[in-house]
Amino acid sequence: MTVAVLVEGLTVEFGSFRAIDDLSLAVDYGEVRAVIGPNGAGKTTLLDVISGVSRAKSGRVLFDEKIDLTRASEAAIARSGVRRKFQKPSVFEALSVRDNVEIGLGGARGADAGDRVAAMLETVGLADDADRLAGDLAHGQKQWLEIAMVVVSEPKVLMLDEPVAGLTDEETERTSALVRRLRTPGRAIVVVEHDMNFVETIADRVTVLHEGRTLFEGSMARARADARVVDVYLGR
Ligand SMILES: Nc1ncnc2c1ncn2[C@@H]1O[C@H](COP(=O)(O)OP(=O)(O)OP(=O)(O)O)[C@@H](O)[C@H]1O
Ligand SMILES: [Mg+2]
């Protein structure tokens, strides 16, 4: 199986503070990987480096076994099919739901753009809300809209930072079903989340980060049984 994202010896520093410390990690195509761990562990920073928002001090991030993302611009990374939903929803509130998804198509807009947008709205459960203003959506619906804006471009690597933060239990369950629908053989999905019940329903494997390093990698069930993971994170 091809590795979608290969992180090798990655170190990220902010001044003298080391947020990511010689981290190595491989995410396969077809896999949903959850990255979990306490506040400040470096989860968002990892997504920032993969998406070109933050720069590495050393190490590399190979996409598709050939492109070093630590040397590419944020725009080039997005164009190459590595896309990310940020922690805070950022939809265009004054535009319709449909127009928001169309913006997500970006340069990939072709003759079938309308069909792709409609299919995407169907997938995230917002087909009946297509003509509403994005600003009028409920918080959960905004999260789904933002996922639609990212997924409509058919990314090969999809990263979601805290997709169920602030969602109701029912919205969380719908998001879980959505993530499982988005899992395809040609796509790697990386999810950062603090909701362990949600993580258990979506993740093939979890990586537990602690102080910028991998503390544990394996199934969520094994993570729950790991004394070190319980000590630094799950037991708190
Ligand atoms: N731009 C920055 N400048 C300085 N320090 C930063 C910067 N970004 C992150 N940090 C620090 O790096 C550490 C890791 O932050 P990060 O946002 O990656 O944590 P996280 O695992 O996503 O936490 P949370 O679960 O709270 O979202 C934290 O101590 C944070 O304060
Ligand atoms: Mg974070």
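Here the UniProt record's numbering is used: position 84 in the sequence shown is 84, and no number is missing along the way.
Glycine included, every Cβ here is placed at the ideal spot set by N, Cα and C.
These numbers were taken from a predicted model, which means no experiment stands behind them.
| Proximity test, residue 237 beta-carbon vs ligand 1 heavy atom, cut-off 7 Å | Nothing can be reported for residue 237: it is not among the residues displayed for the chain, which extend from 1 to 236.
| request: Could you please give the first and the last residue of the uninterrupted alpha helix (DSSP H) stretch that includes residue 198? | output: 196-202
| query | Nearest-angstrom Cα distance between residue 29 and residue 61? | reply | 15 Å
| said: Measuring only the C-alpha atoms, how far is residue 59 from residue 68? | reply: 10 Å
| Residues bridged to residue 32 by DSSP? | 189
| message | For residue 86 and residue 161, which I take to be in contact (beta-carbon distance under 8 Å), what is that distance rounded to the nearest angstrom? | response | 6 Å
| request: Report buried or exposed for residue 24, applying the criterion of at least 16 other Cβ atoms within 10 angstroms of its Cβ. | output: exposed
| So residue 4 is in the beta strand (DSSP E); what residue range does that whole segment cover? | 3-14
| From which residue to which residue does the beta strand (DSSP E) around residue 137 run? | Where residue 137 is concerned, there is no enclosing beta strand (DSSP E), given that its DSSP letter is neither H nor E.
| query | In angstroms, rounded to a whole number, what distance separates the CA positions of residue 11 and residue 114? | reply | 42 Å
| said: Tell me which residues share the same chain as residue 89 and place their Cβ nearer than 7 Å to its Cβ, disregarding the 5 neighbours each side in the sequence. | reply: 142, 143 and 146
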